[in-house]
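Q:
2 protein chains.
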Amino acid sequence: MTIQAAKRETIPAPSRGEDTRQRLIEAALEIFAAYGFEGASTRMLADRAGANLAAIPYHFGSKEGLYLAAAHSIVEAAESEMSPVIGKIERALAQRKLDRDAAAALLHELLERFSALVIGSPQADSWSRFVLREQLQPGAAFEIIFEGIMRKNARAFTKLLAILLKRPEGDPRVAVRAQTILGEILVFHSSGTAALRLLGWKEFSAARLKVIQAILRENVDRIVAPVK
Amino acid sequence: MTIQAAKRETIPAPSRGEDTRQRLIEAALEIFAAYGFEGASTRMLADRAGANLAAIPYHFGSKEGLYLAAAHSIVEAAESEMSPVIGKIERALAQRKLDRDAAAALLHELLERFSALVIGSPQADSWSRFVLREQLQPGAAFEIIFEGIMRKNARAFTKLLAILLKRPEGDPRVAVRAQTILGEILVFHSSGTAALRLLGWKEFSAARLKVIQAILRENVDRIVAPVK
DNA sequence: GTCTATAGTCGGATAGAC
DNA sequence: GTCTATCCGACTATAGAC
Chain A
1 MTIQAAKRET IPAPSRGEDT RQRLIEAALE IFAAYGFEGA STRMLADRAG ANLAAIPYHF
61 GSKEGLYLAA AHSIVEAAES EMSPVIGKIE RALAQRKLDR DAAAALLHEL LERFSALVIG
121 SPQADSWSRF VLREQLQPGA AFEIIFEGIM RKNARAFTKL LAILLKRPEG DPRVAVRAQT
181 ILGEILVFHS SGTAALRLLG WKEFSAARLK VIQAILRENV DRIVAPVK
Chain B
229 MTIQAAKRET IPAPSRGEDT RQRLIEAALE IFAAYGFEGA STRMLADRAG ANLAAIPYHF
289 GSKEGLYLAA AHSIVEAAES EMSPVIGKIE RALAQRKLDR DAAAALLHEL LERFSALVIG
349 SPQADSWSRF VLREQLQPGA AFEIIFEGIM RKNARAFTKL LAILLKRPEG DPRVAVRAQT
409 ILGEILVFHS SGTAALRLLG WKEFSAARLK VIQAILRENV DRIVAPVK
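Top line first, the protein sequences correspond to chains A and B.
The first sequence maps to residues 1 to 228 in this note's numbering.
The second sequence maps to residues 229 to 456 in this note's numbering.
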């Protein structure tokens, strides 16, 4: 193995420019999520990244270019986080007719992973807020995120749900129900401030995430339970 | 009855200043909801209200003063919309021990009213977005809204839920479940853009609100159903 | 690639006539 | 109370030295 080949396999030593670029994207995720596009100034962004103001137009063309680059980085991160479960579900759906128990197990795994991502991980806090803001005022970044993550995940989720509810996949009632279940998770972010206050909590610790996940699981089991 | 007394009972002829003030608040609800505090400019606000730029500092002291006045107006509107149900629930809780069926009926009424408010009414669209943005970045307006509406409504909701779940009111598992159920409704706003696309809908029409409400009701009934 | 300096724009708020 | 005109600060983007 040549030194060149070895280098390609390990983390490549980032050039100075590439490093600045990366730090700017990380700063952008935090700052845009916290203050919104207009609320964030290029000075804030550069300061947080430890970079120069002029580095933004240099690397990304404009403030908006940096914003879109941040959206892309969310897609990449969410993709790598969710793709193991999504892949497993897609393979299961393609290969054989899923029975109830197998479908329920996959559904639980999907929701647990998703709730941990949305509620638990401190890094994902910025992602959720960024996405939430973009939904409030959808622009080019919304297209990137919707096509990059949401469509594929929702599709896998809806298919599993259709099996459990014994309804055709295209039934709008299945899709609506999928949204309501996702809402049970997302509320802890979109209304997180109010939720924490009403619960008398200071933050969503790991222990509390477990409490939430247990209830989410119970709710879902009851919602998809066969009618007797 | 004197003319003066008659005037007091009908809508009072608004003075020119009071009228401008009111139009500015209405514009503020729309514009701040759509673009956020920083994204909205005083020029946009004045134009939408058909008022002069200088009217904002004159009537409200500053752009922020107008923002807080808009928050207050949301509290008043939500109060008048929800208070009939909330009052009914509070009276029922105070006067007698509620049985399951009565509690369930009140819960359905509360959720139906709330979902119609959040998803259905076109005016409420601005309110929800305004509140959502304020949760993303809580400031003085959040206090006004939280203390003015959220606490009282959540309290009534949680008490009903505690009865149906046969658990003490203070049980965090009851409060968490309350949040998840609210999430089923709120998701159609906070993630409305994505939800509409995934459902293949253009907007939430009255007929579609009915579909959503039917599913919400079914979900809630299953969630609070007694364990067999 | 990174820096300083600055151009050019737009924002919120004010002054003062009416 | 309402208007026009204007100030002043903050912003994004660029130019050009290093």
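Beta carbons are placed, not taken as given, at the ideal position from N, Cα and C, and that holds for glycine.
Only counting the same chain, and skipping five residues up and downstream in sequence, which positions put a Cβ closer than 6 angstroms to that of B/D353?
A: Translated into the one-based positions of the second sequence, residue 353 of chain B becomes position 125. So the list is empty, once near-sequence residues are dropped.
Q: Starting from the Cα of B/A279, find the closest Cα among B/Q441, B/L257, B/T248 and B/L339 and give me that residue.
A: Numbered from 1 along the second sequence, position 51 holds the residue referred to as residue 279 of chain B. Considering only alpha carbons, the answer is B/T248.
Q: Check whether the segment 376 to 388 of chain B and the segment 200 to 215 of chain A touch, using three or more Cβ-Cβ pairs below 8 angstroms as the test.
A: No, the segment 376 to 388 of chain B is not in contact with the segment 200 to 215 of chain A.
Q: Could you pull out every residue in the same chain whose Cβ sits closer than 7 angstroms to the Cβ of B/K235, ignoring the five residues on either side in sequence?
A: Here residue 235 of chain B is taken as the residue at index 7 of the second sequence, counted from 1. Note that B/K235 scores 43 on pLDDT, short of 50, meaning its location in the model is unreliable and no value can be drawn from it.
Q: Does A/Y35 have its Cβ less than 8 angstroms from a Cβ in chain B?
A: Counting from 1 along the first sequence, the entry for residue 35 of chain A is found at position 35. A/Y35 counts as touching chain B.
Q: Just to confirm, are B/A459 and B/L252 a CB contact at a threshold of 8 angstroms?
A: Lying before the first or after the last residue shown, residue 459 of chain B is absent from chain B, which here runs from 229 to 456.
Q: Quick one: which chain A residues come within Cβ less than 8 angstroms of B/L427?
A: Residue 427 of chain B sits at position 199 when you count from the first residue of the second sequence. In chain order: P172, A175, V176 and Q179.
Q: Going straight from the alpha carbon of B/R450 to that of B/I373, what length do you get?
A: Along the second sequence, read from residue 1 onward, the residue named residue 450 of chain B stands at position 222. Along the second sequence, read from residue 1 onward, the residue named residue 373 of chain B stands at position 145. The straight-line gap from Cα to Cα measures roughly 31 angstroms.
Q: Nearest chain B C-beta to A/R217 closer than 8 angstroms, yes or no?
A: Here the question's residue 217 of chain A lines up with position 217 in the first sequence. Closer than 8 angstroms: no.
Q: With 8 angstroms as the C-beta to C-beta threshold (strictly closer), list the residues of the segment 353 to 368 of chain B near chain A in chain order.
A: Cβ contacts with chain A: R357, L360, R361, Q363, L364, Q365 and P366.
Q: Quick one: residues in its chain with C-beta nearer than 6 angstroms to the C-beta of A/L111, no 5 flanking neighbours on either side, listed in chain order?
A: Taking the first sequence and counting its residues from 1, the one referred to as residue 111 of chain A is at position 111. Taken in chain order, the list of residues that qualify is empty.
Q: Please report how far the alpha carbon of A/N66 lies from the alpha carbon of A/E147, in whole angstroms.
A: Along the first sequence, read from residue 1 onward, the residue named residue 66 of chain A stands at position 66. Along the first sequence, read from residue 1 onward, the residue named residue 147 of chain A stands at position 147. It is worth fixing the name first, because residue 66 of chain A is Leu in this sequence and not Asn. Rounded to the nearest angstrom, the two C-alpha atoms are 19 angstroms apart.
Q: From A/A28, A/Y58, A/P57 and A/H59, pick the residue whose C-alpha is nearest to that of A/M44; which is it?
A: Reading the first sequence from its first residue, position 44 is the one you call residue 44 of chain A. Cα-wise, what sits closest to A/M44 is A/A28.
Q: State the DSSP-derived secondary structure class of A/L53, mapped to helix, strand or coil.
A: Residue numbering aside, residue 53 of chain A sits at position 53 when the first sequence is read from its first letter. DSSP places A/L53 in coil when its eight states are reduced to three.
Q: Using a Cβ-Cβ cut-off of less than 9 angstroms, give me the residues of the segment 411 to 423 of chain B that come near chain A, in sequence order.
A: Cβ contacts with chain A: G411, E412, I413, L414, V415, F416, H417, S418, S419, G420, T421, A422 and A423.
Q: With 16 as the cutoff for other CB atoms within 10 Å, does A/M1 come out buried or exposed?
A: Against the first sequence, residue 1 of chain A aligns to sequence position 1. Per-residue confidence for A/M1 stands at a pLDDT of 43, beneath the threshold of 50, marking its modelled position as unreliable; the derived number appears in the next sentence. Under this definition A/M1 is an exposed residue.
Q: What is the DSSP secondary structure of A/D99, reduced to helix, strand or coil?
A: Working through the first sequence from its first residue, we reach residue 99 of chain A at position 99. Three-state result, A/D99: coil.
Q: With 8 angstroms set as the bound, which would you pick, yes or no: does the beta-carbon of A/E64 sit closer than that to a beta-carbon of chain B?
A: In the first sequence, counting from the first residue as 1, residue 64 of chain A sits at position 64. No, A/E64 does not count as interfacial toward chain B.
Q: Put B/D411 into one of helix, strand or coil per three-state DSSP.
A: Your numbering for residue 411 of chain B matches position 183 in the second sequence. Residue identity check: residue 411 of chain B is Gly in the sequence provided, not Asp. B/G411 falls in the helix class under three-state DSSP.
Q: With 16 other CB atoms within 10 Å as the buried threshold, where does B/S343 fall?
A: Stepping through the second sequence from its first residue, residue 343 of chain B is reached at position 115. So B/S343 ends up on the buried side.
Q: So, at 7 angstroms on beta carbons, what are the nonlocal neighbours of A/S128 in its own chain, with the 5 sequence-adjacent residues on each side left out?
A: Counting from one through the first sequence, the residue named residue 128 of chain A turns up at place 128. Hits under 7 angstroms: V118 and H189.
Q: Name, going along the chain, the residues of the segment 65 to 94 of chain A whose beta-carbon falls closer than 8 angstroms to a beta-carbon of chain B.
A: Against chain B - using a Cβ distance shorter than 8 angstroms - the segment 65 to 94 of chain A contributes no residues.
Q: Scan the segment 367 to 417 of chain B and note each continuous alpha helix (DSSP H) run of 4 residues or more that stays entirely inside, going in chain order.
A: For the segment 367 to 417 of chain B, whole alpha helix (DSSP H) runs of length 4 or above, ordered along the chain, are 368 to 373 and 379 to 393.
Q: With 16 other CB atoms within 10 Å as the buried threshold, where does A/E134 fall?
A: Stepping through the first sequence from its first residue, residue 134 of chain A is reached at position 134. So A/E134 counts as buried.
Q: Quick one: list the residues of chain A neighbouring B/A453, beta-carbon separation under 8 angstroms, in chain order.
A: Along the second sequence, read from residue 1 onward, the residue named residue 453 of chain B stands at position 225. Under the 8 angstroms cutoff, chain A gives R222.
Q: Is the beta carbon of B/A261 less than 8 angstroms from the beta carbon of B/A274?
A: The residue labelled residue 261 of chain B in the question sits at position 33 within the second sequence. The residue labelled residue 274 of chain B in the question sits at position 46 within the second sequence. Contact flag unset, no.
Q: Pick from B/L410, B/M378 and B/P400: whose alpha carbon is nearest that of A/V211?
A: Walking along the first sequence from the start, residue 211 of chain A turns up at place 211. When each option's Cα is compared against that of A/V211, the closest is B/P400.
Q: In angstroms, rounded to a whole number, what distance separates the CA positions of B/Q407 and A/A70?
A: Mapped onto the second sequence, residue 407 of chain B falls at position 179. Mapped onto the first sequence, residue 70 of chain A falls at position 70. Roughly 30 angstroms separates the two Cα atoms.
Q: Taking a contact to mean a Cβ-Cβ separation below 8 angstroms, would you say B/I314 touches B/K380 in this structure?
A: Your numbering for residue 314 of chain B matches position 86 in the second sequence. Your numbering for residue 380 of chain B matches position 152 in the second sequence. In this structure, B/K380 lies closer than 8 angstroms to B/I314 by Cβ.
Q: Shorter than 8 angstroms from the beta carbon of B/I440 to some beta carbon of chain A?
A: The residue you call residue 440 of chain B lines up with position 212 of the second sequence. Closer than 8 angstroms: yes.
Q: Going by beta carbon distance, what residues of the same chain come within less than 7 angstroms of A/A140, once the five residues before and after it are set aside?
A: For the purposes of this step, residue 140 of chain A is identified with residue 140 of the first sequence, where counting begins at 1. Excluding residues within five positions, the ones whose Cβ falls inside 7 angstroms are L68.
Q: Please list, in chain order, all residues of the same chain as A/H108 whose beta carbon is under 8 angstroms from its beta carbon, the five residues on each side excluded.
A: Within the first sequence, residue 108 of chain A is the residue found at index 108, counting from 1. Result list for A/H108: R217 and V220, in chain order.
Q: Quick one: what does DSSP say B/E431 is sitting in, helix, strand or coil?
A: Looking up residue 431 of chain B in the second sequence gives position 203. B/E431 falls in the coil class under three-state DSSP.
Q: Which bits of chain B does A/A46 rub up against, with CB to CB less than 9 angstroms?
A: The residue labelled residue 46 of chain A in the question sits at position 46 within the first sequence. Chain B residues near A/A46: none, gap ~18 angstroms exceeds 9 angstroms.
Q: Tell whether a beta-carbon distance below 8 angstroms holds between B/A306 and A/L198.
A: By 1-based counting over the second sequence, the position of residue 306 of chain B is 78. By 1-based counting over the first sequence, the position of residue 198 of chain A is 198. Cβ distance not < 8 angstroms, so B/A306 and A/L198 don't count as in contact.
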